[in-house]
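First up is the structure itself, then whatever we jot down about it.
Protein chains: 2
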Amino acid sequence: MTVDLTNVFHEIDADYENLKELLREAVAIQSVSGDPSKRDETIRMVHWMKDKLEKIGVSCELAALGNQTLEGKTVPLPPVLLGTLGTDTSKKTLLVYGHLDVQPAAKSDGWDTEPFELVEKDGKLFGRGSSDDKGPVLCWLHAIKAAQKNNIELPVNIKFCFEAMEESGSVGLPELLVREKNRFLAGVDFVCISDSYWLGTKKPCLTYGLRGICSFFVEVTGIKQDLHSGVFGGVIHEPLQDLMYVMSQLTTVDNRIRIPGLYEQVAPLSAAEEKTYDEIEFDVAEFRDSVGASHLPTEDKKTLLLRRWREPSLAFHGIEGAFYGPGEKTVIPSKVIGKFSIRIVPDMDPDQVNKMTIDYLNKVWKERGSPNVFKPRPGHSAKPWVVDVNDSNFMAGARAMKRVHNVEPDRIREGCSIPITLTFQELTGKSVLLLPLGAADDMAHSQNEKNNKWNYVEGVKTLLAYIMELGSA
Amino acid sequence: MTVDLTNVFHEIDADYENLKELLREAVAIQSVSGDPSKRDETIRMVHWMKDKLEKIGVSCELAALGNQTLEGKTVPLPPVLLGTLGTDTSKKTLLVYGHLDVQPAAKSDGWDTEPFELVEKDGKLFGRGSSDDKGPVLCWLHAIKAAQKNNIELPVNIKFCFEAMEESGSVGLPELLVREKNRFLAGVDFVCISDSYWLGTKKPCLTYGLRGICSFFVEVTGIKQDLHSGVFGGVIHEPLQDLMYVMSQLTTVDNRIRIPGLYEQVAPLSAAEEKTYDEIEFDVAEFRDSVGASHLPTEDKKTLLLRRWREPSLAFHGIEGAFYGPGEKTVIPSKVIGKFSIRIVPDMDPDQVNKMTIDYLNKVWKERGSPNVFKPRPGHSAKPWVVDVNDSNFMAGARAMKRVHNVEPDRIREGCSIPITLTFQELTGKSVLLLPLGAADDMAHSQNEKNNKWNYVEGVKTLLAYIMELGSA
Ligand SMILES: [Zn+2]
Ligand SMILES: [Zn+2]
Ligand SMILES: [Zn+2]
Ligand SMILES: [Zn+2]
Numbered sequence: 001m002t003v004d005l006t007n008v009f010h011e012i013d014a015d016y017e018n019l020k021e022l023l024r025e026a027v028a029i030q031s032v033s034g035d036p037s038k039r040d041e042t043i044r045m046v047h048w049m050k051d052k053l054e055k056i057g058v059s060c061e062l063a064a065l066g067n068q069t070l071e072g073k074t075v076p077l078p079p080v081l082l083g084t085l086g087t088d089t090s091k092k093t094l095l096v097y098g099h100l101d102v103q104p105a106a107k108s109d110g111w112d113t114e115p116f117e118l119v120e121k122d123g124k125l126f127g128r129g130s131s132d133d134k135g136p137v138l139c140w141l142h143a144i145k146a147a148q149k150n151n152i153e154l155p156v157n158i159k160f161c162f163e164a165m166e167e168s169g170s171v172g173l174p175e176l177l178v179r180e181k182n183r184f185l186a187g188v189d190f191v192c193i194s195d196s197y198w199l200g201t202k203k204p205c206l207t208y209g210l211r212g213i214c215s216f217f218v219e220v221t222g223i224k225q226d227l228h229s230g231v232f233g234g235v236i237h238e239p240l241q242d243l244m245y246v247m248s249q250l251t252t253v254d255n256r257i258r259i260p261g262l263y264e265q266v267a268p269l270s271a272a273e274e275k276t277y278d279e280i281e282f283d284v285a286e287f288r289d290s291v292g293a294s295h296l297p298t299e300d301k302k303t304l305l306l307r308r309w310r311e312p313s314l315a316f317h318g319i320e321g322a323f324y325g326p327g328e329k330t331v332i333p334s335k336v337i338g339k340f341s342i343r344i345v346p347d348m349d350p351d352q353v354n355k356m357t358i359d360y361l362n363k364v365w366k367e368r369g370s371p372n373v374f375k376p377r378p379g380h381s382a383k384p385w386v387v388d389v390n391d392s393n394f395m396a397g398a399r400a401m402k403r404v405h406n407v408e409p410d411r412i413r414e415g416c417s418i419p420i421t422l423t424f425q426e427l428t429g430k431s432v433l434l435l436p437l438g439a440a441d442d443m444a445h446s447q448n449e450k451n452n453k454w455n456y457v458e459g460v461k462t463l464l465a466y467i468m469e470l471g472s473a
Numbered sequence: 001m002t003v004d005l006t007n008v009f010h011e012i013d014a015d016y017e018n019l020k021e022l023l024r025e026a027v028a029i030q031s032v033s034g035d036p037s038k039r040d041e042t043i044r045m046v047h048w049m050k051d052k053l054e055k056i057g058v059s060c061e062l063a064a065l066g067n068q069t070l071e072g073k074t075v076p077l078p079p080v081l082l083g084t085l086g087t088d089t090s091k092k093t094l095l096v097y098g099h100l101d102v103q104p105a106a107k108s109d110g111w112d113t114e115p116f117e118l119v120e121k122d123g124k125l126f127g128r129g130s131s132d133d134k135g136p137v138l139c140w141l142h143a144i145k146a147a148q149k150n151n152i153e154l155p156v157n158i159k160f161c162f163e164a165m166e167e168s169g170s171v172g173l174p175e176l177l178v179r180e181k182n183r184f185l186a187g188v189d190f191v192c193i194s195d196s197y198w199l200g201t202k203k204p205c206l207t208y209g210l211r212g213i214c215s216f217f218v219e220v221t222g223i224k225q226d227l228h229s230g231v232f233g234g235v236i237h238e239p240l241q242d243l244m245y246v247m248s249q250l251t252t253v254d255n256r257i258r259i260p261g262l263y264e265q266v267a268p269l270s271a272a273e274e275k276t277y278d279e280i281e282f283d284v285a286e287f288r289d290s291v292g293a294s295h296l297p298t299e300d301k302k303t304l305l306l307r308r309w310r311e312p313s314l315a316f317h318g319i320e321g322a323f324y325g326p327g328e329k330t331v332i333p334s335k336v337i338g339k340f341s342i343r344i345v346p347d348m349d350p351d352q353v354n355k356m357t358i359d360y361l362n363k364v365w366k367e368r369g370s371p372n373v374f375k376p377r378p379g380h381s382a383k384p385w386v387v388d389v390n391d392s393n394f395m396a397g398a399r400a401m402k403r404v405h406n407v408e409p410d411r412i413r414e415g416c417s418i419p420i421t422l423t424f425q426e427l428t429g430k431s432v433l434l435l436p437l438g439a440a441d442d443m444a445h446s447q448n449e450k451n452n453k454w455n456y457v458e459g460v461k462t463l464l465a466y467i468m469e470l471g472s473a
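Those protein sequences? They're chains A and B, same order as listed.
Read in full-length UniProt numbering, the first sequence has 337 at position 337, and its numbers run on one by one without any break.
Read in full-length UniProt numbering, the second sequence has 183 at position 183, and its numbers run on one by one without any break.
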């Protein structure tokens, strides 16, 4: 009993100007969650969305999260918008997550247009939040509107969880979800998140895995205050010298991790899974050019994708406590803290990774033989996430994409973490689908963020098709 | 024809309250040259000193240096105070240099008392500038006053060059001195600077050498913008990883320099010079405790002093372009610049040191085999300075110290640079004496700067004795 959506899809195409106007309004609200001076706007964005949802019959509530101290000021946290559309106990229930806040943006950062004014150019809709994540959130709204206009009955109840602190660490949300486990989250059968990207710019995909992370701080001290390098240079063991040595021992020049046993923790790659990598469309040269590198540690497609998604990686972020300004300063810093992190994958366990890493650092330190004081410690960590690509939620997403794009979507992973994914999975005990709508070059978090007109419109169709497919999931 | 100074010395002791009042007034003027909001006070300090010099018969002029742009504001540079006392062509001429500006200070930095209020406690005079360099400057004034009161004819003409931008790089002074080479600087026979410190707290010393410096920037790039470590971690050559490796190859754990041939440039140590090191009073354990280290690369007195004063040393200062704040940030920086400097000694030549260092960095880079872009380059450099400890100026200083302290002063070097020393030497062609009056624990540039009451009073006597000794130099 598949409902024919041909006519509805045509209507969605025809309704483009309304769809665009909706995004223009949303982009104009400067909901930068990381900027305390824009907290009012961030809260206004939640109310704006609540109004839109109520207009299509969603019953909404605002879950208060209290206050937060930001840059020395106490500011209210934006509430979480919880919505319910349909309470038919004979139907299954889909939970949709999205976020209404955005990254900071200013024309002076190097934008070609005003970041908070939606500008259409060459089939692209430029504006902060157009792709991350206001565009996808509005696709849900519009998909439901289109169904209602055509008197198409939705085969599932839908719950909405829209927050406005995602770009600032989702402060308060995990605790709220834990409190809502047996109320708002009760009875949820499927979860869907549209807040990631296609692997390229043309072919749709579904995301079935995310890497976790283990962060580290490596502190070296040994002198009681910063010293003048003229007076003391040559007769002390410099903490920064020790730190750079230790950090240099963590990886090879090709960015392979030297911590013994780490790669052995990775789940074995089956022949079937390996075969999926052969089928993925991915242009290595295009990727290399997009990062501006002359050469990559590997330029073999399969190896490169495996290293991004399915293997741990170690990245260096910086050093706290040393001179960081431009120009020269002839001081010997007394206490320095190196920062690096390891992305982890199944079956790696954060606790075990932390232990192996600290053990290795201590071993390197012992060999170094410096009399300075060495204090390595783990920072925050998050588990990796991977889902069964054959479960009913995932298959509904795949069928929806095929209906809209006429092509079987790639099954991909992401190298980064979206911690809330695992929270939803653990609290509902159900499958979470990451259903990306935007293209790889949307420049989320960067200058000139855009959403392609085509992706935006097809996104509405995809979400509608997905909702309909869940009826037979 | 040595003039007996016994009675004058007693008078100086008896005149302590006036001496202290003078320092109190000077410390109260907040002549922080690095703070544009205190530029008026810095200029006022020059006028205050001009007034004091004129009262003892010095004919003064203020050499204008124009304007300066500081923190985006255009502010006037404080003028340089040039004074002349005596123009007797049958006498030789001494040029005295000192500075009237100070480092910033605030009680909230951790001072026990208000930094710009002179406080006497336990024989110590606490206050910003009490030791660096207002105290020594006032010792000159008071020494001449004492001679005048006792109708003692000074055996030399004295010229004064007091600037108020020393703590901010002596902006404009070298150019002024070049312009004044054949006028104000003409006819100078001796130069004396009291702006350094004793090696310890009890025994006086004379400084006959300063190290020079060569600064370096090591830039590594290779990706066109900062990247998300989740998305790109593991498949790029990280610039920071390369930089830390290269920096780690510059020194051994004991801070010895690994650049081939560098130590061979150092002037050979004669048996006679080596012997002077045996005679110097220096407590290694006290030094080690003062820096707060558990262990030093060498704890042999002679080796340690040689490494501080007579050997090159390499110090690491920091990294520009990487994450430096507290907490975590999971970004891969795209362009990082490492900063280090090498202190140099006779007979090292800055150009040659620059070449050897850049060559070594390039060699390490080549061995590394990274496809990133590597750009090492030299920063500012200054030549080392060393003077003949047997010249007449130096010997006059030694005799003066012996007259006051009844002990032969140690002959020491400093590990840092005082670039103006070399400027005076080159422009006058005459000997420059560094005659320190303060103790090693005076905490110049730090919290709770002080001048010991004893050092301050004996400083007046030492400078008077030195002026008198120049009569037979
Ligand atoms: Zn997002
Ligand atoms: Zn985002
Ligand atoms: Zn000074
Ligand atoms: Zn100073």
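Think of the CB as a built atom: it goes at the ideal place given N, C-alpha and C, for glycine as much as any other residue.
So, using beta-carbon positions, are residue i and residue j closer together than 9 Å?
{"i": "Leu206 (chain B)", "j": "Ala398 (chain B)", "result": "yes"}
{"i": "Arg39 (chain A)", "j": "Pro79 (chain A)", "result": "no"}
{"i": "Ser215 (chain B)", "j": "Lys375 (chain B)", "result": "no"}
{"i": "Arg128 (chain B)", "j": "Pro136 (chain B)", "result": "no"}
{"i": "Tyr197 (chain B)", "j": "Pro436 (chain B)", "result": "yes"}
{"i": "Pro409 (chain B)", "j": "Pro204 (chain B)", "result": "yes"}
{"i": "Gly222 (chain B)", "j": "Pro371 (chain B)", "result": "yes"}
{"i": "Ile319 (chain B)", "j": "Val336 (chain B)", "result": "yes"}
{"i": "Val407 (chain B)", "j": "Ile12 (chain B)", "result": "no"}
{"i": "His237 (chain B)", "j": "Val353 (chain A)", "result": "no"}
What residue from the options has the CA that sits closest to residue i's CA?
{"i": "Val266 (chain A)", "options": "A:Glu25, A:Ala473, A:Asp442 and A:Pro350", "result": "A:Pro350"}
{"i": "Pro384 (chain A)", "options": "A:Ser392, A:Leu422, A:Asn390 and A:Gly369", "result": "A:Leu422"}
{"i": "Met348 (chain A)", "options": "A:Gly110, A:Gly212, A:Glu166 and A:Gln148", "result": "A:Gly212"}
{"i": "residue 537 (chain B)", "options": "B:Thr74, B:Cys60, B:Val96 and B:Thr89", "result": "Residue 537 (chain B) falls outside the range modelled here, since chain B spans only 1 to 473, and no answer is possible."}
{"i": "Arg327 (chain B)", "options": "A:Lys329, A:Phe9 and A:His317", "result": "The displayed chain sequence assigns Gly, not Arg, to residue 327 (chain B). Minimum Cα distance to Gly327 (chain B) is reached at A:His317."}
{"i": "Asn255 (chain A)", "options": "A:Phe217, A:Met49 and A:Leu314", "result": "A:Leu314"}
{"i": "Asp88 (chain B)", "options": "B:Glu153, B:Leu82 and B:Glu281", "result": "B:Glu153"}
{"i": "Val389 (chain B)", "options": "B:Val373, B:Lys461 and B:Leu434", "result": "B:Leu434"}
{"i": "Val217 (chain A)", "options": "B:Tyr324, B:Asn354, B:Thr303 and B:Val457", "result": "In the sequence as presented, Val is not what sits at residue 217 (chain A); that position holds Phe. Closest by alpha carbon: B:Tyr324."}
Return the chain-ordered list of same chain residues with a C-beta closer than 7 Å to the C-beta of residue i, the five sequence neighbours on each side being excluded.
{"i": "Ala164 (chain A)", "result": "Ser31, Ser33, Thr42, Met45, Val46, Pro78, His99, Leu100 and Asp101"}
{"i": "Met356 (chain B)", "result": "Ile259, Gly261 and Leu262"}
{"i": "Asn451 (chain A)", "result": "Leu125, Ser130, Ser131, Gly135, Gly438 and Asp442"}
{"i": "Glu61 (chain A)", "result": "Leu82"}
Going by the DSSP bridge assignment, what does residue i pair with across the sheet?
{"i": "Phe456 (chain A)", "result": "Reading off the sequence, residue 456 (chain A) comes out as Tyr, not Phe. Tyr456 (chain A) pairs with nothing; no bridge assigned."}
{"i": "Cys205 (chain B)", "result": "B:Asp410"}
{"i": "Cys214 (chain B)", "result": "B:Ile342 and B:Ser381"}
{"i": "Gln68 (chain A)", "result": "A:Val75"}
{"i": "Cys60 (chain A)", "result": "A:Gly83"}
{"i": "Glu320 (chain B)", "result": "B:Ile337"}
For residue i, which residues of its own chain have a beta-carbon under 6 Å away from its beta-carbon, when the five flanking residues on both sides are left out?
{"i": "Gly86 (chain B)", "result": "Asn157"}
{"i": "Asp195 (chain A)", "result": "Asp133"}
{"i": "Lys92 (chain A)", "result": "Val156 and Asp189"}
{"i": "Leu463 (chain B)", "result": "Cys139, Trp140 and Ala143"}
{"i": "residue 474 (chain B)", "result": "In the structure as shown, chain B starts at 1 and stops at 473, and residue 474 (chain B) therefore has no counterpart that could be examined."}
Below 8 Å CB to CB, which residues in the same chain sit around residue i once its five sequence neighbours on both sides are set aside?
{"i": "residue 488 (chain B)", "result": "No answer is possible for residue 488 (chain B): the residues shown for chain B start at 1 and end at 473."}
{"i": "Glu274 (chain B)", "result": "Lys302"}
| field | Touch test, the segment 416-434 of chain A against the segment 180-188 of chain A, Cβ-Cβ under 8 Å, three pairs minimum | value | Counting C-beta pairs closer than 8 Å gives three or more between the segment 416-434 of chain A and the segment 180-188 of chain A, which meets the contact rule.
| Would the segment 13-27 of chain B and the segment 165-173 of chain A be scored as touching if the rule is three or more Cβ pairs under 8 Å? | In this structure the segment 13-27 of chain B does not lie against the segment 165-173 of chain A, because fewer than three pairs of beta carbons, one per stretch, are closer than 8 Å.
| request: Check whether the segment 245-254 of chain A touches the segment 459-470 of chain B, taking contact to mean three or more Cβ pairs, one atom from each stretch, closer than 8 Å. | output: By the Cβ test, the segment 245-254 of chain A is not in contact with the segment 459-470 of chain B, since fewer than three Cβ pairs between them sit closer than 8 Å.
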